[in-house]
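Right, one structure below, let's go through it.
There are 2 protein chains.
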Amino acid sequence: MKIYLAGPDVFLPDAIEVGRRKVGLCTRHGLTGLYPLDNAIDTAARVASLAIFRGNEAMMNSADAIIANLTPFRGPGADAGTAYELGYMAARGKLCLGYSNDPASYAERVRRFSAVTSRDGRLADAQGLAVEDFGLGDNLMMIHALDLHGCLLVTPRQVPLDVWHDFAAFETCVRMAAERLAALHARAPG
Amino acid sequence: MKIYLAGPDVFLPDAIEVGRRKVGLCTRHGLTGLYPLDNAIDTAARVASLAIFRGNEAMMNSADAIIANLTPFRGPGADAGTAYELGYMAARGKLCLGYSNDPASYAERVRRFSAVTSRDGRLADAQGLAVEDFGLGDNLMMIHALDLHGCLLVTPRQVPLDVWHDFAAFETCVRMAAERLAALHARAPG
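See below:
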C-alpha cells in the first residue's frame, strides 16, 4: 500500500529529515510512504512551483491512501495546501487518514487568535464571521471526509512538546492503514 | 452549467443573503449557482455537521464547476474547508475557478502575521517554517489547480473596502464559466 504523506511538514527547516522519518515509520509497518516534493526542487519560481504541483499530483494519483497532517498551521486551522490534497484524495476514493497534534476543538483554537462572542447561541469571531462549533477538530468537510472515507481524526491526549516532531499520532495512522491493508488481504487471499 | 460556490461566505452574518447574491449573478450569466448548506441546517451538533457534509458533497457531485472564494480567512491564507472542496472538484475533473479579494502574494500576507526572515534566500516565519515564495496568491497546490483545471486566480487591483461583499472578482469568474459553456456549445451544437 502506497500512502501520500500530506502536511505542512514540507515547510520545516528539517523537512527532508522529517520526511525520511515518516517514510521510515511506514516501512516499519510494511507500507510505502510517498513524501511530497516541495523541497526537492530548488530552481526559478513559476517553473519550480508548477513542477512541484505536477509531482505531487502524480504522487497522489499513484498512492492508495493519504495521511494528512492537520496540525494547526499559521492560524487556528489546518494548512490549506494539505486540505486541498485531502479533498483530492477523498474525491478519488482513496483511503483518507489524518491527525492533528493539537487535540483542542476548532472553536477553542479560534479563541486563541480572536475575541469570540456568542449571539443567539452562535459563536462569531472579531470580524463577525461565524465560528464552526460542532466540537470537531477542524472544518467539518475535512473531519467528516476522514470519518466517511477512512478513519476518525487521530489526536494526542495533550499537545506534545514539539508538535512538528512528535510522530505518535502519525504512527497511529500508519498502523491503521496497515491494519486496513491486512484486512483487505485476509478478504482476498492471493 | 451548475457551479458549486465554495468559500467562507457561509460564515458571514448575512450568509444567506450573500448566497442569494452570488446565485443571482450566476443566473444573470445563464448559469446555475449551488450555494453550500452550512446555514440551512440548525440542529444538534454531530448530526448537523454530518448532514452538512453529505449535502455539500452531493452538491459538488452534481456540479460541473466550482468557484472557490480563496480570500484570506483567519490568517494569511484561504479557508481550509474551501481548499478541501477545490481539491475535491479538481480530482473529479470539474472546471475549477477561484478568486481572492486580496491581490497580495502569499509571502506578503504572511509578513502581516509574523516576523519573516530570509536565510540563504529562503523565507521563514517566526516558528522557522518556510514561507512559500513563488509570487503566487496562495499555496501552490490551489493556485496551479486553477491554472491547469480551469482559469488563473482572479484578483482585484487593490483590496476592496469590504472583502466579503465585493462581488466583482466573483462575477469575473462567473463570466469566465459562462464563456467556457458557450465555447462548449459552439463546439457541439445541438
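Protein sequence lines correspond, in order, to chains D and X.
For the first sequence, the residue numbers in numbering that gives the first Met the number 0 are 0 to 189.
For the second sequence, the residue numbers in numbering that gives the first Met the number 0 are 0 to 189.
Glycine included, each C-beta is placed from N, C-alpha and C at the ideal position.
Please read all numbers here as calculations on a predicted model, not as lab measurements.
**Asked** Nearest CA to the CA of S61/D: which residue from T171/D, L147/D and P35/D?
**Response** Along the first sequence, read from residue 1 onward, the residue named residue 61/D stands at position 62. Among T171/D, L147/D and P35/D, the Cα nearest to that of S61/D belongs to P35/D.
**Asked** Ordered along the chain, which non-local residues of its own chain (more than five positions away) have a Cβ less than 7 Å from that of V130/X?
**Response** On the second sequence, residue 130/X is found 131 positions in, with the first residue counted as 1. Hits under 7 Å: A106, V109, V115, L122, A123 and D124.
**Three or more C-beta pairs below 8 Å linking the segment 0-15 of chain X and the segment 55-73 of chain X** = yes
**Request:** Quick one: grab the DSSP three-state call for S99/X.
**Result:** The count along the second sequence starts at 1 and reaches residue 99/X at position 100. The answer is coil: DSSP assigns S99/X none of H, G, I, E or B.
**Item:** Residue burial classification, A185/X (beta-carbon count within 10 angstroms, cutoff 16)
**Value:** Within the second sequence, numbered from 1, the residue matching residue 185/X stands at position 186. With fewer than 16 Cβ atoms within 10 Å of its Cβ, A185/X is classed as exposed.
**Asked** For S48/D, which residues in chain X fall below 7 Å Cβ to Cβ?
**Response** Indexing the first sequence from 1 puts residue 48/D at position 49. Chain X residues near S48/D: F133, L135, L139 and H143.
**Request:** May I ask you to report which of helix, strand or coil DSSP gives E170/D?
**Result:** Within the first sequence, the letter at position 171 stands for residue 170/D. Residue state, collapsed to three classes: helix.
**For I142/D and G149/D, the rounded distance between their alpha carbons** = Reading the first sequence from its first residue, position 150 is the one you call residue 149/D. Reading the first sequence from its first residue, position 143 is the one you call residue 142/D. Roughly 10 Å between the two C-alpha positions.
**Item:** Residue(s) in a DSSP beta bridge with Y3/D
**Value:** On the first sequence, residue 3/D is found 4 positions in, with the first residue counted as 1. Residue pairing by DSSP places Y3/D opposite L33/D and I65/D in a beta bridge.
**Asked** Is it buried or exposed for V17/X, if we count other Cβ within 10 angstroms and need 16 for buried?
**Response** For the purposes of this step, residue 17/X is taken as residue 18 along the second sequence, with counting starting at 1. With 16 or more other Cβ atoms within 10 Å, it is buried.
**Asked** Quick one: does R111/D have its CB under 9 Å from some CB of chain X?
**Response** Translated into the one-based positions of the first sequence, residue 111/D becomes position 112. Using a Cβ-Cβ cut-off of 9 Å, R111/D does not count as an interface residue toward chain X, since no Cβ of chain X sits closer than that to its own.
**Message:** Between the alpha carbons of S99/D and L139/D, how many angstroms are there, rounded?
**Reply:** In the first sequence, the residue the question calls residue 99/D occupies position 100. In the first sequence, the residue the question calls residue 139/D occupies position 140. The alpha-carbon atoms of S99/D and L139/D are separated by roughly 14 Å.
**Message:** Taking the alpha carbon of Y83/D as the reference point, which residue from P75/D, G74/D, A167/D and L69/D has its own alpha carbon closest?
**Reply:** What you label residue 83/D is simply residue 84 of the first sequence in a count that begins at 1. The residue with the shortest Cα to Cα distance from Y83/D is L69/D.
**Prompt:** For L49/D, does the three-state DSSP call read helix, strand or coil?
**Reply:** Residue mapping note: residue 49/D aligns to position 50 of the first sequence, counting from 1. Helix.
**Message:** Suppose the cutoff is 7 Å on Cβ atoms and the five residues either side in sequence are ignored; what does the same chain contact list for G134/D look like?
**Reply:** Translated into positions along the first sequence, residue 134/D becomes position 135. Here the set comprises S104.
**Anticipated Cβ contact below 8 Å, N96/D with L145/D, distance rounded** = The count along the first sequence starts at 1 and reaches residue 96/D at position 97. The count along the first sequence starts at 1 and reaches residue 145/D at position 146. Residue 96/D is actually Leu in this sequence, not Asn. About 7 Å; that satisfies the 8 Å criterion.
**Item:** R174/D: contacting residues in chain X (beta-carbon distance under 8 Å)
**Value:** Taking the first residue of the first sequence as position 1, residue 174/D is located at position 175. None at all; the shortest Cβ gap to chain X is about 25 Å.
**Prompt:** What is the C-beta distance between F72/D and P159/D, in whole angstroms, given that I count them as a contact (C-beta under 8 Å)?
**Reply:** As a working mapping, residue 72/D is identified with position 73 in the first sequence. As a working mapping, residue 159/D is identified with position 160 in the first sequence. With 8 Å as the limit, F72/D and P159/D do not qualify as a contact, their Cβ atoms being about 16 Å apart.
**Item:** Chain-ordered chain X contacts of I15/D [CB-CB under 9 Å]
**Value:** The sequence position of residue 15/D within the first sequence is 16, counting from 1. Those do not exist, as I15/D stays about 12 Å from chain X at its closest Cβ, beyond 9 Å.
**Asked** Can you name, in chain order, every residue of its own chain whose Cβ lies under 7 Å from the Cβ of G29/X, other than the five neighbours on each side?
**Response** The residue labelled residue 29/X in the question sits at position 30 within the second sequence. Cβ neighbours of G29/X beyond the five flanking positions: A177.
**Asked** Heavy atom of the ligand NAD less than 8 Å from the Cβ of L180/X, yes or no?
**Response** Ligands displayed in this structure: none; no statement on the ligand NAD is therefore possible.
**Message:** Short of 7 Å Cβ to Cβ, which residues in the segment 49-66 of chain X face chain D?
**Reply:** L49, I51, F52 and N55
**Message:** For Y98/X, would you say it is in contact with chain D, using Cβ-to-Cβ distances shorter than 9 Å as the test?
**Reply:** Start at 1 with the first residue of the second sequence, and residue 98/X comes out as number 99. No, Y98/X lies away from the interface with chain D (no Cβ there is under 9 Å from its Cβ).
**Message:** Against L85/D, what residues of chain X qualify as contacts under a CB-to-CB distance less than 8 Å, listed in chain order?
**Reply:** Counting from 1 along the first sequence, the entry for residue 85/D is found at position 86. Here the neighbours are Y83 and G86.
**Message:** Using CA atoms only, rank isn't needed, just tell me which of Q126/D, T154/D and T31/D is closest to M58/D.
**Reply:** What you label residue 58/D is simply residue 59 of the first sequence in a count that begins at 1. Closest by alpha carbon: T31/D.
**Item:** N- and C-terminal bounds of the beta strand (DSSP E) containing L122/X
**Value:** Numbered from 1 along the second sequence, position 123 holds the residue referred to as residue 122/X. L122/X -> beta strand (DSSP E) spans R121 to A123.
**The beta strand (DSSP E) enclosing T116/X, as first and last residue numbers** = Along the second sequence, read from residue 1 onward, the residue named residue 116/X stands at position 117. First-last of the beta strand (DSSP E) with T116/X: T116 to R118.
**Item:** First through last residue of the alpha helix (DSSP H) which encompasses D146/D
**Value:** Numbered from 1 along the first sequence, position 147 holds the residue referred to as residue 146/D. Where D146/D is concerned, the enclosing alpha helix (DSSP H) stretches over L139 to H148.
**Prompt:** With distances taken between CB atoms, is the gap from L128/X to F10/D smaller than 9 Å?
**Reply:** For the purposes of this step, residue 128/X is identified with residue 129 of the second sequence, where counting begins at 1. For the purposes of this step, residue 10/D is identified with residue 11 of the first sequence, where counting begins at 1. Yes, these two residues count as a Cβ contact at 9 Å.
**Request:** Return the bridge partner residues of A129/X from the DSSP annotation.
**Result:** Here residue 129/X corresponds to residue number 130 of the second sequence, with the count starting at 1. DSSP output for A129/X lists A123/X as bridge partner(s).
**Message:** Less than 6 Å between C-beta atoms, sequence neighbours within five positions excluded: which residues of the same chain meet that for A67/D?
**Reply:** Along the first sequence, one-based indexing puts residue 67/D at 68. These residues qualify, in order along the chain: A5, T81, L85 and G97.
**Chain-order list of residues whose beta-carbon lies under 7 Å from that of M175/D (same chain, five-residue window excluded)** = In the first sequence, the residue the question calls residue 175/D occupies position 176. The answer, listed in chain order, is L96 and C150.
**Prompt:** Comparing alpha-carbon positions, which option in M88/D, D78/D, A90/D and D161/D lies nearest T137/D?
**Reply:** Position 138 of the first sequence, counted from the first residue, corresponds to residue 137/D. Looking at the sequence shown, residue 137/D is not Thr but Asp. Selected option, being the one with the closest Cα: D78/D.
**Prompt:** Of the residues that make up the segment 151-172 of chain X, which ones have a beta carbon closer than 7 Å to any beta carbon in chain D?
**Reply:** none
**Prompt:** What residues of chain D sit near L122/X, judged by a beta carbon separation below 7 Å?
**Reply:** In the second sequence, residue 122/X corresponds to position 123, counting from 1. Correct list: empty, because the minimum Cβ distance to chain D is about 10 Å.
**Asked** Count the other CB atoms within 10 Å of the CB of G23/X; is the residue buried (16 or more) or exposed (fewer)?
**Response** The count along the second sequence starts at 1 and reaches residue 23/X at position 24. Exposed, by the Cβ-count rule.
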